[in-house]
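>
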Amino acid sequence: MAQPVAIVTGASTGIGFESAKLLAANGFTVYAGARRVDRMEPLKPQGIKVLPLDVTDDASMQGMVAAVLADQGRIDVLVNNAGFGSFGSLEEMELAEGRRQFDVNVFGLARMTQLVLPTMRAAGRGRIINISSIGGKFYEPLGTWYHATKFAVEGLSDALRLELKPHGIRVCIIEPASTVTEWGGIAAEGLLASSGGGPYAAQARDMAAVLASTERPATSTRPEVVAGAVLQAATAARPRTRYPVGRGARAITALRRLLPDRVYDLAVTVVLKRIAG
Ligand SMILES: NC(=O)c1ccc[n+]([C@@H]2O[C@H](COP(=O)([O-])OP(=O)(O)OC[C@H]3O[C@@H](n4cnc5c(N)ncnc54)[C@H](OP(=O)(O)O)[C@@H]3O)[C@@H](O)[C@H]2O)c1
Numbered sequence: 081m082a083q084p085v086a087i088v089t090g091a092s093t094g095i096g097f098e099s100a101k102l103l104a105a106n107g108f109t110v111y112a113g114a115r116r117v118d119r120m121e122p123l124k125p126q127g128i129k130v131l132p133l134d135v136t137d138d139a140s141m142q143g144m145v146a147a148v149l150a151d152q153g154r155i156d157v158l159v160n161n162a163g164f165g166s167f168g169s170l171e172e173m174e175l176a177e178g179r180r181q182f183d184v185n186v187f188g189l190a191r192m193t194q195l196v197l198p199t200m201r202a203a204g205r206g207r208i209i210n211i212s213s214i215g216g217k218f219y220e221p222l223g224t225w226y227h228a229t230k231f232a233v234e235g236l237s238d239a240l241r242l243e244l245k246p247h248g249i250r251v252c253i254i255e256p257a258s259t260v261t262e263w264g265g266i267a268a269e270g271l272l273a274s275s276g277g278g279p280y281a282a283q284a285r286d287m288a289a290v291l292a293s294t295e296r297p298a299t300s301t302r303p304e305v306v307a308g309a310v311l312q313a314a315t316a317a318r319p320r321t322r323y324p325v326g327r328g329a330r331a332i333t334a335l336r337r338l339l340p341d342r343v344y345d346l347a348v349t350v351v352l353k354r355i356a357g
């Protein structure tokens, strides 16, 4: 039987990079996409095909999917991983920044999904694996836009699961906890640039410390572990609907279900203060 074909978006670093490697090591023909093509060079020796991809550019997304179909004629798995964290106070951030956050984290994911669905539907099978976050279940101050996008990914994925079930296509959500990637540094830098000097400066300093702490291997999860959940979602005979993964992921999501809002608010505030130090 021909090897299954997977597309991984945002594969130049972090979770996407490790997912591309792990899928390739487990028998998938993998196409890795991101804007920084040079950063994907190390994937090539494993047979991974590297393509430029910007999930805010329709022509770029169409180009990648068309290239995969021209090569392989099939797409079995789409891993929608490309994303970033846009942090800062709602008051101070330009709405354009909120739109940019939605463009990458939600509309890019939706458009890539649209582009692979005709092929998957015709085949009567396929898997869409959406990298959400535990941040799609809980929330932090100064994270309005990021959490709004991840809550959106959760709702979009749940509705899509029902929509695609009659067509034999599975939809899985991956909910990583803090993971050691470039994500935290990028998020902290943006936060301090937008809210580090105004009325939210004290909160911004604390949150920047929390975001930067995601890069600490002692308290965060390695991206290889998250890639393991992606592999399970891609290969399990009956994949789970969602995979909370990493340190504290299950506890955080379970407590959110159990605790009333104000108690959860207090718990979040206390825990974040402790992490910020
Ligand atoms: N790290 C965490 O603590 C954590 C926790 C929960 C969920 N997540 C989620 O996991 C996913 C992966 O993040 P990560 O932690 O691995 O962060 P990362 O190391 O910063 O990787 C992000 C990836 O997204 C790509 N990307 C960003 N904008 C893009 C665009 N417009 N078009 C195409 N690719 C784009 C980047 O590639 P280029 O810049 O080269 O395009 C990069 O490969 C994200 O959706 C993130 O929200 C992360």
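Residue numbers 81 to 357, in the numbering used here, belong to the letters of the sequence shown in order.
We treat Cβ as the ideally placed atom computed from N, Cα and C, and that holds for glycine.
1. Looking only at C-alpha atoms, which of Thr259, Val148, Ala104 sits nearest to threonine 294?
2. What runs of the beta strand (DSSP E), each 3 residues or longer, lie entirely inside the region 264-326?
3. Leaving out the 5 sequence neighbours to the left and right, which residues in its chain are closer than 7 Å to valine 184 when beta-carbon positions are compared?
4. Of all the options Tyr226, Gly326, Gly248, Ile266, which has the alpha carbon lying nearest to the alpha carbon of glutamate 255?
5. Serine 212: which of Gly223, Val233, Leu222 sits nearest, CA to CA?
6. Is the number of C-beta pairs between the region 306-318 and the region 83-99 that are closer than 8 Å three or more?
7. Straight-line CA distance for alanine 104 to glutamate 177?
8. With a CB to CB cut of under 7 Å and the five nearest residues on each side skipped, what residues in its chain are close to glutamine 283?
9. Which residues in the same chain have their Cβ closer than 8 Å to the Cβ of arginine 207, if we skip the five residues on either side of it in sequence?
10. Any heavy atom of ligand 1 closer than 8 Å to the Cβ of arginine 119?
11. Between Gly328, Gly127, Ile214, which has its C-alpha nearest glycine 107's C-alpha?
12. Pull up the CB-CB distance for alanine 347 and leucine 338, whole angstroms please, since I reckon it's below 8 Å.
13. State the beta-bridge partners of isoleucine 208 as determined by DSSP.
14. Compare the C-beta of proline 319 against all C-beta atoms of chain B and say whether one is closer than 9 Å.
15. Any idea what DSSP makes of threonine 259, helix, strand or coil?
16. Is serine 237 close to ligand 1? I mean its beta-carbon at under 8 Å from any heavy atom of the ligand.
17. Roughly how many whole angstroms lie between the Cα atoms of arginine 296 and threonine 261?
18. Going along the chain, which residues of its own chain have a beta-carbon closer than 6 Å to the beta-carbon of threonine 193, five neighbours each way excluded?
19. Which class does isoleucine 332 belong to by DSSP, given the choice of helix, strand or coil?
20. Looking only at its own chain, which residues have a Cβ that is under 7 Å from the Cβ of alanine 356, when we skip the five neighbours before and after it?
21. Quick one: what's got a C-beta closer than 7 Å to arginine 241's C-beta in the same chain, skipping five residues either side?
22. Helix or strand or just coil, what does DSSP make of valine 85?
23. Smallest Cα separation from threonine 299: which of Gly328, Ala146, Gly215, Ile214?
24. Please state if the CB of threonine 229 and the CB of glutamine 152 are separated by a distance shorter than 9 Å.
25. Could you pull the DSSP bridge partners for tyrosine 111 from this structure?
The short version:
1. Thr259
2. 322-325
3. Val135, Thr136, Ala162, Gly163, Phe164
4. Gly326
5. Val233
6. yes
7. 35 Å
8. Pro221, Leu222
9. Asp156, Val157, Leu158, Ile249, Arg250, Val251, Cys252, Ala313, Ala314, Pro319
10. yes
11. Gly127
12. Not a contact, Cβ separation roughly 11 Å.
13. Leu158, Val251
14. This model lacks chain B altogether, as it is built from one protein chain only.
15. strand
16. no
17. 9 Å
18. Ile208
19. helix
20. Asp286, Ala289, Val290
21. Val251, Thr321
22. strand
23. Gly328
24. no
25. Ile87, Lys129
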